[in-house]
Amino acid sequence: MPINATRRSLWQAGLAQACAGGLLAWGPASAQALHRTTDPAKTLRVLAWPGYADPDVVKAFEDREGARVELSIVGSDESLRQRMALVDPVTGGPLFDVLAANTVELQRLRELQMLAPLPLNSLPNAAAQLPRFLRREAIPGITEGGRLYAMPYTYAEMGLIFDRRQLSTPPQSLTVLWDPALQGRVLAFDSGTHGFSLAAMAHGLSPFQIGAPQWGSMTQRLVDLRRNLRGFYSLPEESAEMFRRHRVAVMFANYGRQQLKLLQDQGLDVGYALPREGALAWLDCWAVTRQARNPDLAARWVNHLLSLDMSRLLTRRHGLANTLEEQPGVPPSGRLVWLEPVENESRRERLWQRIVAGERPERLAA
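Note that the sequence shown covers residues -31 to -1, 1 to 335 in mature numbering (1 follows the signal peptide of the UniProt record, and there is no 0).
1) For Q141 versus R245, is the C-beta spacing smaller than 8 angstroms?
2) Residue 336: buried (16+ other C-beta within 10 angstroms of its C-beta) or exposed?
3) What span of residues does the beta strand (DSSP E) with T72 cover, start to end?
4) With DSSP run on the structure shown, which of helix, strand or coil describes P24?
5) Would you call the CB atoms of E318 and G161 closer than 8 angstroms?
6) Between the beta-carbon of N223 and the beta-carbon of M127, is there less than 8 angstroms?
7) Go to L129, then tell me how far its beta strand (DSSP E) extends in each direction, as first and last residue.
8) So, are the CB atoms of L308 and N71 less than 8 angstroms apart?
9) Note down the Cα distance separating E47 from V59, rounded to an integer number of angstroms.
10) Is DSSP giving M120 helix, strand or coil here?
11) Looking at the structure shown, is A(-3) part of a helix, part of a strand, or coil, going by DSSP?
12) Tell me the DSSP secondary structure of L49 in three-state form.
13) So, for G164: in the same chain, excluding its five sequence neighbours on each side, which residues have a beta-carbon less than 6 angstroms away from its beta-carbon?
14) Name the DSSP beta bridge partners of A222, please?
15) For my contact list, N94 and L275 are in at a C-beta cut-off of 8 angstroms; report their separation, rounded to the angstrom.
16) Go to T258, then tell me how far its beta strand (DSSP E) extends in each direction, as first and last residue.
17) Assuming L198 contacts V239 (C-beta within less than 8 angstroms), just tell me the rounded distance between them.
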C-alpha cells in the first residue's frame, strides 16, 4: 500500500523510522489488557500499516477478548518483507500472528507457504462485504485450491481526475493521457511499475506481464507519454499543487479519491472517471500466518475489523475505503484491476528512470 495524504499526520508523528525497515510497537493499547493476561496464547502479534489499528480499535478488541495485542507498524513493502523474514525461535515461523498486506505481497507470502487458510466460520462479518469482494476467486493472490488465505480490508483505485472546465465529458480511456490536444496539461505518477502497466493496458495487453516482443513498443509509448506531460508527481499534495498551478486538464490518480478530495477541498471543479480498460487498484487484506500461536484469536481480530462500526471508522477517520460500503463520488461500475507481481520490476524502474531523464528513444534498448 502506498503512503498517502490521509496517513501523513500519523507518519510525521513518529512513524518515519518504519521507512528504514524499522518497527514501532503501539501495543498493548490498554494497560488493563496487559495486567489481564501474560499468556502467549492470548497475546496477538499484529503487523499493520498506519491507521489500520488505532489504539481505541485495539482496546475494544482487547477488552472483549480478554487478550493483549502487540501492534507493530510498517511504512513500506520493503519494511514488511524485512519483518516477515524474521523467525520466531519458538515456533520457527514469523514473529507475527496476523498481518495486513497488499495482494502482491500476499501472493509472495502464500507461495513461500507462510500463510494459513482462513476459517470463514470465524469471520461472520465477511458475509456483508460488497459483491466484488465476495467473488474472492477473482482476486489475485488470496485463494489457492479453493482455500482463502487473505480477507480484503481496504483498497484504492487509480482513476483519472479531470478538470470539468476543460473536459466537458469524463475521459473514457487511458489514451487520454497521450492526447496531443492536451499536451502540457497532463500529470502522471512517477513510477515505472505503474507506467509500463498503463502503457500495456492502453494497448489491450496484460498490465503485469509484458512479453519480450512488446518491450520496445511499450518503452516508446512511455517516451511519447513523457513528451505529452506537464510533469510527474510523487506525493498527493504535490499533485494537487501542480494540478491547480498549471491548469492541468487530466491526471492519472495513483492515490485515487484521496487526490480527488484534496482538489475539491481547494474549490476546484473536478471529476473522477474509471477508464474502460479498467483501473489499477491496490487491495490490502488481513492474513494469518501459518505458525500463529492462536489462529482462532487471529481470525477474531480480522472479524473485529470487518464489523460495520470498525469499517466506517476506517473510512471516516482516515479516508480509506472499506469493503462493506460503496464510497461516494466514485463510479461504481468501473472494472478494478487488482495489482499483481510484474514480470521484472527492476527492469521497469531502470528503463523508467532513463525515460524520465529524457534519454533519446533509440538509446533505450530494453
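Yeah, the Cβ is synthetic: ideal placement off N, Cα and C, and Gly gets one too.
So, from the listed chains and residues:
1) Against a cut-off of 8 angstroms, the Cβ pair of R245 and Q141 comes out as a contact.
2) The structure shown does not extend to residue 336, since the chain spans only -31 to 335, so no value can be given for it.
3) Premise fails: T72 lies in the alpha helix (DSSP H), T72 to E80, not in any beta strand (DSSP E).
4) Helix.
5) Here E318 is near G161, since their CB atoms are less than 8 angstroms apart.
6) Contact: yes.
7) In this chain, the beta strand (DSSP E) harbouring L129 covers L129 to D132.
8) If you check the CB distance, L308 and N71 come in under 8 angstroms.
9) CA-to-CA, the gap between E47 and V59 works out to about 25 angstroms.
10) Three-state result, M120: strand.
11) For A(-3), the pLDDT reaches just 41, beneath the cut-off of 50, and the residue's location in the model is therefore unreliable, although a value from the coordinates is still provided. Looking at A(-3) - three-state DSSP - the assignment turns out to be coil, as it is neither helix nor strand.
12) Secondary structure of L49 (DSSP, three-state): helix.
13) For G164, where only same-chain residues beyond five positions count, the Cβ hits under 6 angstroms are L191 and W321.
14) Its beta-bridge partners do not exist; DSSP assigns none.
15) Right, their Cβ atoms sit about 4 angstroms apart.
16) Per DSSP, T258 belongs to the beta strand (DSSP E) from A248 to T258.
17) Not really, about 18 angstroms apart at Cβ, beyond 8 angstroms.
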